[in-house]
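The block underneath contains the structure these notes are about, expressed in structure tokens.
In my numbering, the protein residues as written are 15 to 233.
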């Protein structure tokens with residue numbers, strides 16, 4: 015069940031911070047109500063207030079998630095750990111000569127393909143929006159904060175908590191979402207923006223034709 019506090023945390027996960035007025039507008043709440051919830055979240059150590067000075071008038075505050083807040087929004091890391099440990103046993107011997115980043119990428123790529131294989135039949139039994147919602151739920155269950163958007167003739171998947179970037183960093187391309195999506199659909203997907211521009215989230219576009227093909231294979 016979604017609560018106001020969970021909606022505030024989710025909004026902060028999608029943004030780089032927000033003010034009381036921005037929360038009130040986005041959630042259709044009174045500013046006083048928003049302040050009460052933010053005070054409680056601060057007390058729990060989930061959000062942090064930062065003063066923003068203005069040229070004139072009283073200062074106001076912008077709120078951000080703390081590390082504990084990020085963890086609260088994105089759970090499922092225990093499942094992700096189990097998946098990675100299982101996949102570590104399948105790493106090819108030749109990876110011994112690879113760089114640490116190459117080995118990490120291969121580990122995540124193998125985990126992504128294994129997760130896709132586990133859910134491929136289930137996802138293929140669905141179609142369109144139902145497929146995308148199930149895929150987003152699978153990613154959320156493994157440490158992500160994924161959501162999808164219907165763009166008409168295609169869908170866009172966004173993950174604001176990429177487990178690969180969290181574990182490995184942003185200095186190499188993500189080796190999690192693309193292999194997972196390609197394996198579960200049996201077709202290539204494309205990044206919505208250049209990887210270098212994905213500082214806040216990983217974004218991939220899936221055509222409606224790809225989801226239809228995956229659904230037909232499941233019948």
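Note that the Cβ used here is the ideal one computed from N, Cα and C, for glycine as well.
Cut-off 7 Å between Cβ atoms - residues of its own chain near residue i, not counting five sequence neighbours on either side
{"i": "residue 121", "result": "98, 101, 102 and 105"}
{"i": "residue 207", "result": "217"}
{"i": "residue 178", "result": "122, 188, 189 and 190"}
{"i": "residue 205", "result": "217 and 218"}
Per DSSP, cross-strand counterpart(s) of residue i
{"i": "residue 77", "result": "32 and 63"}
{"i": "residue 216", "result": "173"}
{"i": "residue 155", "result": "Note: residue 155 sits in no beta bridge, so no partner."}
Presumed contact (8 Å Cβ cut-off) between residue i and residue j, rounded CB distance
{"i": "residue 221", "j": "residue 168", "result": "5 Å"}
{"i": "residue 90", "j": "residue 197", "result": "Actually they are not in contact, since the Cβ atoms of residue 90 and residue 197 sit about 19 Å apart, beyond 8 Å."}
{"i": "residue 109", "j": "residue 117", "result": "5 Å"}
{"i": "residue 34", "j": "residue 49", "result": "6 Å"}
{"i": "residue 75", "j": "residue 32", "result": "Going by Cβ atoms, the distance from residue 75 to residue 32 rounds to 10 Å, so no, they are not a contact pair."}
{"i": "residue 51", "j": "residue 27", "result": "With a Cβ gap of about 15 Å, residue 51 and residue 27 do not count as contacting."}
Residue i to residue j span [Cα, whole Å]
{"i": "residue 165", "j": "residue 126", "result": "25 Å"}
{"i": "residue 123", "j": "residue 88", "result": "20 Å"}
{"i": "residue 128", "j": "residue 147", "result": "19 Å"}
{"i": "residue 141", "j": "residue 131", "result": "17 Å"}
{"i": "residue 65", "j": "residue 85", "result": "24 Å"}
{"i": "residue 80", "j": "residue 92", "result": "20 Å"}
{"i": "residue 181", "j": "residue 44", "result": "38 Å"}
For the stretch 91-105 and the stretch 159-174, state whether three or more C-beta atom pairs, one from each stretch, are separated by less than 8 Å.
Result no; under three Cβ-Cβ pairs closer than 8 Å.
Meets three-Cβ-pair contact criterion under 8 Å: the stretch 141-151 and the stretch 108-116:
Contact between the stretch 141-151 and the stretch 108-116 is not established, with fewer than three Cβ pairs separated by less than 8 Å.
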